[in-house]
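Residue numbers (my numbering): 38 to 332.
Think of the CB as a built atom: it goes at the ideal place given N, C-alpha and C, for glycine as much as any other residue.
Here the structure comes first, spelled out in structure tokens, and everything after it is commentary.
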Amino acid sequence: MKNASILRGMTRDGSARFAVLESSAIVNAAIDVHHTAPTATAALGRLLGGASLMGSLLKEKSDTLSLTVTGRGALGKLIAVSDYMGNVRGYVQNPAADLPLKENGKLDVGGAVGAGTLTVSKDVGAGEPYSGTVPLVSGEIAEDIASYFAASEQTPTLLSLGVLVGVNGRCRAAGGVLVQLLPYADGAVIDRLEKNALSLSNISGLFDHGLSKKEIAEIALADIPFDVFDEFDVAYRCSCGRERIAAAIRSLGEKEVRTLFAEQKAEGKGEVLEVNCHFCGARYLFTPQDLAPRS
Ligand SMILES: [Zn+2]
Numbered sequence: 038m039k040n041a042s043i044l045r046g047m048t049r050d051g052s053a054r055f056a057v058l059e060s061s062a063i064v065n066a067a068i069d070v071h072h073t074a075p076t077a078t079a080a081l082g083r084l085l086g087g088a089s090l091m092g093s094l095l096k097e098k099s100d101t102l103s104l105t106v107t108g109r110g111a112l113g114k115l116i117a118v119s120d121y122m123g124n125v126r127g128y129v130q131n132p133a134a135d136l137p138l139k140e141n142g143k144l145d146v147g148g149a150v151g152a153g154t155l156t157v158s159k160d161v162g163a164g165e166p167y168s169g170t171v172p173l174v175s176g177e178i179a180e181d182i183a184s185y186f187a188a189s190e191q192t193p194t195l196l197s198l199g200v201l202v203g204v205n206g207r208c209r210a211a212g213g214v215l216v217q218l219l220p221y222a223d224g225a226v227i228d229r230l231e232k233n234a235l236s237l238s239n240i241s242g243l244f245d246h247g248l249s250k251k252e253i254a255e256i257a258l259a260d261i262p263f264d265v266f267d268e269f270d271v272a273y274r275c276s277c278g279r280e281r282i283a284a285a286i287r288s289l290g291e292k293e294v295r296t297l298f299a300e301q302k303a304e305g306k307g308e309v310l311e312v313n314c315h316f317c318g319a320r321y322l323f324t325p326q327d328l329a330p331r332s
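Okay, here's the thing in structure tokens:
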């Protein structure tokens with residue numbers, strides 16, 4: 038299967054910048070890790086797509102961004118984390134959650150997410166991480182992220198996200214378009230962008246019909262001159278590693294680490310601590326010596 042990728046550009050008059058994501062490979066990687074049922078696949082896939090598009094707008098190499106959806110629906114909590122180039126990883130609390138299709142034949146993502154909140158956290162450069170929380174508008178993810186941009190960043194943003202799940206449970210097509218207005222955007226361009234966005238309501242269908250990212254950009258920016266800046270691959274990628282996880286456990290303190298081993302022993306698991314990464318499923322085993330304080 039072809040790699041996931043992002044195409045970025047800007048309107049020639051500087052009114053807006055945009056990014057188009059083709060992400061079926063990312064969604065299928067998430068299915069492989071989390072064994073999601075179709076509704077969970079669509080919800081997590083959209084959130085990963087939103088995080089990837091937002092991540093691709095970060096400036097510095099060390100910048101990261103996370104989206105956390107805390108809903109009262111069957112899916113529980115969802116998290117997606119992106120690096121500054123749009124590589125993502127994610128987690129859904131109840132991957133087996135699945136609801137009947139809606140009357141229009143679409144997966145009921147909003148129903149499975151339920152009412153709740155979206156929190157956007159950004160770790161950018163020096164200083165405290167920034168975090169903003171908004172109530173969910175519909176739980177359909179794209180609208181919720183757009184409402185975050187309007188409320189917390191005062192940056193009008195048009196966002197379409199879609200995931201098409203095939204009858205075999207695999208992702209057939211997925212992707213998204215993010216168009217963000219820049220300061221002093223031209224009013225006529227804004228009107229045109231809003232009209233164009235109506236044609237992107239079924240973004241996964243467009244990819245499923247074989248349209249390229251460039252062709253989708255031409256729909257999003259119809260009648261508006263624009264330039265493409267770059268195009269690059271993105272992937273489902275976890276940043277965990279044995280030493281990073283060992284350091285996180287050591288940071289709990291010697292007493293807490295001793296308690297963890299004591300609990301393992303009490304459960305008959307011997308003096309080995311097993312830790313599984315929520316994002317990629319990697320399994321790490323540690324002995325007390327592995328986690329002894331470092332001088
Ligand atoms: Zn991991």
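Residues near residue i in its chain [Cβ-Cβ closer than 8 angstroms; skip 5 each side]
i              : result
glutamate 190  : Gly169
isoleucine 240 : Ser197, Leu198, Gly199, Gly212, Gly213, Val214 and Ile253
isoleucine 286 : Val294, Leu297, Leu310, Val312, Phe323 and Leu328
alanine 187    : Pro193 and Thr194
asparagine 65  : Met38, Arg207 and Cys208
isoleucine 68  : Thr78, Gly206, Arg207 and Cys208
Contacting residues, own chain, Cβ-Cβ under 6 angstroms from residue i (five flanking each side not counted)
i              : result
alanine 183    : Thr194 and Leu196
asparagine 313 : Arg320
valine 161     : Asp100
aspartate 181  : Leu155, Leu173 and Val174
serine 158     : Ser103, Pro166 and Ser168
Helix, strand or coil at residue i [DSSP, three-state]
i             : result
serine 175    : coil
methionine 47 : strand
arginine 229  : helix
valine 363    : Outside the modelled stretch of the chain, which goes from 38 to 332, sits residue 363, for which no answer is possible.
leucine 215   : strand
glycine 318   : coil
serine 236    : helix
glycine 127   : strand
serine 89     : helix
arginine 83   : helix
threonine 78  : helix
serine 42     : strand
alanine 346   : Here the chain covers residues 38 to 332 and nothing more, so residue 346 does not appear.
alanine 329   : coil
serine 61     : helix
Nearest residue (CA-CA) to residue i, options the options
i              : options                           : result
isoleucine 178 : Ala163, Leu44 and Ala88           : Ala88
leucine 115    : Leu85, Leu138, Leu237 and Lys143  : Leu85
leucine 258    : Arg49, Ile43 and Met38            : Arg49
leucine 243    : Glu59, Gly290, Leu94 and Ala80    : Glu59
alanine 56     : Arg281, Phe316, Phe269 and Pro330 : Phe269
asparagine 131 : Ala66, Lys96, Pro75 and Leu104    : Pro75
histidine 246  : Arg209, Tyr221 and Val216         : Arg209
valine 146     : Ala111, Asn124, Tyr121 and Lys98  : Ala111
alanine 80     : Ser288, Ala222, Leu136 and Gly290 : Leu136
alanine 62     : Glu140, Leu144, Lys39 and Leu44   : Lys39
glycine 290    : Glu304, Tyr273 and Arg331         : Arg331
glycine 46     : Arg279, Gln326 and Val216         : Val216
leucine 95     : Gly123, Val70 and Tyr128          : Gly123
Residues sharing a beta bridge with residue i, DSSP
i           : result
lysine 114  : Thr107
glycine 199 : Gly212
Sequence-distant residues of the same chain with beta carbon closer than 7 angstroms to residue i, five excluded per side
i              : result
isoleucine 256 : Asn233, Ser236 and Leu237
At 4 residues or longer, and completely inside the segment 239-315: list those alpha helix (DSSP H) runs for me, N to C.
240-245, 250-257, 279-287 and 291-303
Could I get the ranges of all uninterrupted alpha helix (DSSP H) runs contained in the segment 130-192, with 4 residues as the minimum, in chain order?
146-150 and 179-189
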